[in-house]
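Please read the structure below before turning to the comments.
There are 2 protein chains.
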Amino acid sequence: MIRINRELLDFIGKIAADESNNFISQHNFSPKKIVIEQGDKIEFVHIIKSGIAKCYLTNEDGNIFIQEFFGEGVIFGEIEMFNEDETVCAVESMTDLVIYKISRNNFYKLLEENPQFNRLVLRALAAKIKFKAIRYSNSHLNPIETNLLLLKKQFPELFKTIAKPDIANYLGVTERSLNRSIKSLREKKLI
Amino acid sequence: MIRINRELLDFIGKIAADESNNFISQHNFSPKKIVIEQGDKIEFVHIIKSGIAKCYLTNEDGNIFIQEFFGEGVIFGEIEMFNEDETVCAVESMTDLVIYKISRNNFYKLLEENPQFNRLVLRALAAKIKFKAIRYSNSHLNPIETNLLLLKKQFPELFKTIAKPDIANYLGVTERSLNRSIKSLREKKLI
DNA sequence: CGCGTAATTGAAAAGTATCAACACTGGTGG
DNA sequence: CCACCAGTGTTGATACTTTTCAATTACGCG
Chain A
2 MIRINRELLD FIGKIAADES NNFISQHNFS PKKIVIEQGD KIEFVHIIKS GIAKCYLTNE
62 DGNIFIQEFF GEGVIFGEIE MFNEDETVCA VESMTDLVIY KISRNNFYKL LEENPQFNRL
122 VLRALAAKIK FKAIRYSNSH LNPIETNLLL LKKQFPELFK TIAKPDIANY LGVTERSLNR
182 SIKSLREKKL I
Chain B
2 MIRINRELLD FIGKIAADES NNFISQHNFS PKKIVIEQGD KIEFVHIIKS GIAKCYLTNE
62 DGNIFIQEFF GEGVIFGEIE MFNEDETVCA VESMTDLVIY KISRNNFYKL LEENPQFNRL
122 VLRALAAKIK FKAIRYSNSH LNPIETNLLL LKKQFPELFK TIAKPDIANY LGVTERSLNR
182 SIKSLREKKL I
């Protein structure tokens, strides 16, 4: 549920450690800080070094849909870079967060000159697509309780790590409905 | 709604026309034929030359969720290639369909040796992610009628081109609910 | 203790699914 | 030319699920 990308993190860690280039800068965020605003033009690709962030979209009515929770090694901002477009989602820190940033030019340079990085980015994009495909089909095909149970199995510390409204917005239901499902599952001794 | 990718189609068309290589083969399907089965191991990347296909996922109960409708130039099977994984979705022709196929080895060779192709694939993946992000947040944040209206605006020939059950499975609702929404929108003179 | 934030609950309203019946359309064969 | 059939689309009634909204409780911390 909180996706990670260890191979990308390792790779970037090595490049960042190599002081002969200054491709990569590092930035710190305390919890609940906006890393990227929805509708921004962005000039950097971001990769999470440590911590957790949420990636979410707000509509005209102020309703929120959480796309993903980002963990270590997850890359973001790359979509907008390729499409030369404004950000679709906002990204906000949920814990203390350390982020690697790579400028547009350096990102393209790395992509062209480093086949390993190129492959890692392709794989990261593919993983995002697969994740979304499965997540969304589940959320449409299953009732809330089933989805919640799935989540809890994949990520047992769910309720300790993630606040209720976030879980609700991730499942695409109201907090009330989430609570009803939790209660019902507890009564059935399923969680 | 039916995504296309003209720049990729043009590029592939040129390579296919160049008879000095035999990277790319071409295949024909009549309507309602399975191009890729859910759970397959696949050894080819596919790109649509002409026609429309649907990409969908079936769960244990036989319920269907349509991920996307593929139009000209859309690439598929690449996700599974990068992840060395089984197909998540099935792909089925909705019209007469012509498909370019590229073997795993040739696909990787092209990716490595042809920066333009590499860029096109990165962009195609990014476009898929963006599409899914917007589509799914809409479908969670809006009621059926709003989503249907959106669809109809983006794609006026909706009802002529796509069968009711497919529209319903794309929106993630039953046919009954879809019909109720259509009727209601017609009464309001919105479609 | 008291305050602010987060979590929980109840009741009514709205939305959606289920199931079963009915209508329309374009062939096909008697 | 009509009867029939299969596939597709439409509708009604009811049950179920989810949201809405407002009120209540629990928790952490200065």
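Protein sequences appear in the order of chains A and B. Take any residue in the first sequence, count from 1 to its spot, add 1: that is its number in the numbering used here. Take any residue in the second sequence, count from 1 to its spot, add 1: that is its number in the numbering used here. Quick reminder that beta carbons are idealized off the backbone N, C-alpha and C, glycines included.
Annotated three-state conformation of residue 164 of chain B is coil, per DSSP.
Taking C-beta atoms as the reference points, residue 140 of chain B and residue 173 of chain B count as a pair closer than 8 Å. Nearest Cα to residue 10 of chain B within the set B:165, B:64, B:73: B:73. Our two residues, residue 41 of chain A and residue 84 of chain A, have alpha carbons roughly 13 Å apart in a direct line. Not flagged as an interface residue toward chain B: residue 40 of chain A, since no C-beta distance is shorter than 8 Å. Residue environment analysis places residue 188 of chain A among the exposed positions, since fewer than 16 neighbouring C-beta atoms fall within 10 angstroms of its C-beta.
Under the Cβ distance rule, residue 28 of chain A does not count among the residues neighbouring chain B, no pair being separated by less than 8 Å. According to the DSSP assignment, residue 149 of chain B belongs to the alpha helix (DSSP H) that extends over 145–155. Between residue 179 of chain A and residue 60 of chain A, the alpha-carbon positions lie close to 21 Å from each other. Secondary structure of residue 24 of chain B (DSSP, three-state): coil. Counting only unbroken stretches of 3 or more residues, the beta strand (DSSP E) elements lying wholly within the region 50–135 of chain B are 54–59, 65–71, 91–94, 98–104, in sequence order. For residue 6 of chain B, the secondary structure class from DSSP, reduced to helix, strand or coil, is coil.
For residue 113 of chain A, at least one C-beta of chain B is nearer than 8 Å to its own C-beta. Residue pairing by DSSP places residue 46 of chain A opposite A:103 in a beta bridge.
With contacts defined as CB atoms closer than 8 Å, residue 27 of chain A and residue 99 of chain A qualify as a contacting pair. Here residue 30 of chain B is bridged, per DSSP, to B:98.
The Cβ neighbour count for residue 191 of chain B, taken over all protein chains shown within 10 Å, is under 16; the residue is labelled exposed. Under the 10 Å beta carbon count, residue 7 of chain A is surrounded by fewer than 16 other beta carbons and is classified as exposed. In the structure shown, the three-state DSSP call for residue 192 of chain A is coil. Following the DSSP letters along the chain, one finds residue 36 of chain B inside the beta strand (DSSP E) bounded by residues 35–37.
Within the region 125–138 of chain A, the residues whose Cβ lies closer than 7 Å to some Cβ of chain B are 126, 127, 128, 129, 130, 131, 133, 134, 135, 137, 138, listed in chain order.
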